[in-house]
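Here the structure comes first, spelled out in structure tokens, and everything after it is commentary.
Numbering (the numbering used here), first residue to last: 46 to 580.
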């Protein structure tokens, strides 16, 4: 069989696994010129009960299952339906297991009726996973045609998957990833491109773009992504959800299972509630010099300037924090861009041998985003000495960065180190397919091995955002990024940011995200009289 027939067969099999009554005729979907945003459109295919369930946060879903108001089967069917619609609209799924999910939900309901006890803190909650995670009975093609056809066994499941199942989670879908899993867009020759549900002319981003699109359309209450596709057992992970309490609940639930007992790569650090409560306590004292939260903001990394929607998001957050009484200083760390090039040299130290082998094994071509790299096939792998030299450069930069962070106590009125750094995730709100080419804003967190949480702020708005201003490029990369900006094209794209903390500060970052959410909500109420909290 050809790679084309294998890919087509996989795409067709996903549609066949969707019940006929849930399928949307392609001809019924309005064109992108008539309908950019699928957020409201998807709701027309759901009944009142399904909307009530899928619009509810995880806390309410779990509470209603425990009280008996909803069954696990009710909840699972509702999310299976909504996820199937999301896939037909955005190409967000890579695996579907609706029948297995319903059987699992039915077994949980029967056990609950018989014993009166839940299986665990996630009893009956549908959970989606990025395709990188192995689940028994499903494939993990990860965007490579050559990896199709191999259903994973129980022994291939990582600690996260096993722990989630033990806690009562119901797996029902896996989500699309880019070929190589190292791209800022989600595109492969099997599923195709995952599009942005807020603006169909744009990419959903990546590498967890399938998960992002599914969550944006409320096709899952809780998803899990992984960072740069590593490690094999899935322990470098991140929860993804549409509300912050779900993130907190998921992190705490997983750590409370002591995953380090079965995975030597997991650092033995239990959930530290006192870290989160410390931030909450300081949130309540924004005007006390010794207790107020201290943020730093970095609107530009000195190499590529951000687009107007992202500039506006940074301005909104800064004003909201200052209005709340928090201290805000400018972040001027050791330069990010050159340091992130070290990261990519480390990642590319094998010259992409594994990626090239996976592509060549089926005869498929690379997706267009990888074509230039693929054609440059004369790059030799780094020697051991070169690799360790890169690691040494990385470690030296980490030390310099930590020293700068420590020094901020001398720059703040409160004489405290900065608690968290607010900066863009990317220089753009979103991009057209094939146009994402700058990774430094997010890559710096990987290089430093720090903790970061991304959060929504606003949307690109052609009635507010300026036309392309008189822009003096900082360099050729800056010029290329700004060449993609079109105010009308980007209209409706979500503008999000990230807050970065130091290593192993997950509880603190969740607290800081709470503080940001509260400050933004109060600021927006003051500006518009309406509550539009991003979380």
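The beta carbon of each residue, even a glycine, is placed where N, CA and C say it ideally should be.
Presumed contact (8 Å Cβ cut-off) between residue i and residue j, rounded CB distance
i	j	result
residue 256	residue 224	At roughly 16 Å, the Cβ-Cβ gap does not stay under 8 Å, so residue 256 and residue 224 are not in contact.
residue 328	residue 563	7 Å
residue 503	residue 366	In fact, because the Cβ distance is near 15 Å, the residues do not count as touching under 8 Å.
residue 251	residue 231	4 Å
residue 537	residue 243	5 Å
residue 264	residue 283	Not a contact, Cβ separation roughly 18 Å.
residue 486	residue 471	5 Å
residue 468	residue 545	7 Å
residue 375	residue 342	6 Å
residue 505	residue 535	4 Å
residue 293	residue 555	5 Å
residue 234	residue 52	5 Å
Of the residues the options, the one placed nearest residue i, counting alpha carbons only
i	options	result
residue 260	511, 101, 428 and 236	101
residue 165	301, 469 and 339	301
residue 68	76, 77 and 57	57
residue 213	314, 111, 245 and 550	111
residue 541	452, 287, 370 and 521	287
residue 552	357, 133, 495 and 264	495
residue 324	465, 179, 75 and 79	465
residue 266	105, 311 and 388	105
residue 550	123, 116, 461 and 318	318
residue 507	424, 461, 309 and 352	352
residue 78	559, 533 and 476	533
residue 355	447, 461, 501 and 439	501
residue 493	92, 336, 51 and 386	386
residue 568	476, 358, 394 and 539	358
residue 228	525, 235 and 484	484
residue 336	258, 462, 526 and 382	462
residue 258	82, 426, 52 and 192	82
residue 172	438, 210, 51 and 392	210
residue 364	479, 572 and 90	572
residue 443	489, 330, 566 and 89	489
residue 304	207, 240, 344 and 393	207
residue 415	447, 84, 480 and 391	480
residue 116	169, 382 and 421	169
residue 186	478, 226, 497 and 434	226
residue 530	497, 547, 543 and 477	477
residue 191	402, 512 and 95	402
residue 381	369, 344 and 397	344
Residue range of the unbroken beta strand (DSSP E) whose run includes residue i
i	result
residue 284	282-285
residue 83	Note, residue 83: premise wrong, no beta strand (DSSP E); not H, not E.
residue 54	Element bounds for residue 54: not the beta strand (DSSP E) but the alpha helix (DSSP H), 48-61.
residue 532	First-last for residue 532: 532-535, but that is the alpha helix (DSSP H), not the beta strand (DSSP E).
residue 260	First-last for residue 260: 254-261, but that is the alpha helix (DSSP H), not the beta strand (DSSP E).
residue 225	Per DSSP, residue 225 belongs to no beta strand (DSSP E) and is neither H nor E.
residue 236	First-last for residue 236: undefined, no H or E at that position.
residue 269	268-271
residue 175	171-175
Beta-carbon gap between residue i and residue j smaller than 8 Å
i	j	result
residue 73	residue 98	no
residue 523	residue 348	yes
residue 455	residue 379	no
residue 183	residue 196	yes
residue 167	residue 298	yes
residue 138	residue 218	yes
residue 48	residue 409	yes
residue 108	residue 125	no
residue 249	residue 135	yes
residue 333	residue 457	no
residue 121	residue 215	yes
residue 527	residue 518	yes
residue 130	residue 60	no
residue 62	residue 178	no
residue 84	residue 338	no
residue 525	residue 491	no
Opening and closing residue of the alpha helix (DSSP H) in which residue i lies
i	result
residue 74	Note, residue 74: premise wrong, no alpha helix (DSSP H); not H, not E.
residue 153	143-160
residue 485	485-493
residue 364	353-369
residue 133	117-135
residue 521	521-528
residue 107	103-112
residue 438	429-452
residue 216	Unbroken run through residue 216 is the beta strand (DSSP E), 215-220; no alpha helix (DSSP H).
residue 318	318-328
residue 300	289-300
residue 399	398-405
Residue i Cβ short of 7 Å to the ligand ZN heavy atom set
i	result
residue 300	Absence of the ligand ZN from the depicted structure is noted, as is the absence of any ligand whatsoever, leaving it without description.
Counting Cβ pairs, one atom from each stretch, are 3 or more of them under 8 Å apart for the stretch 148-162 and the stretch 193-205?
-> The stretch 148-162 is not in contact with the stretch 193-205.
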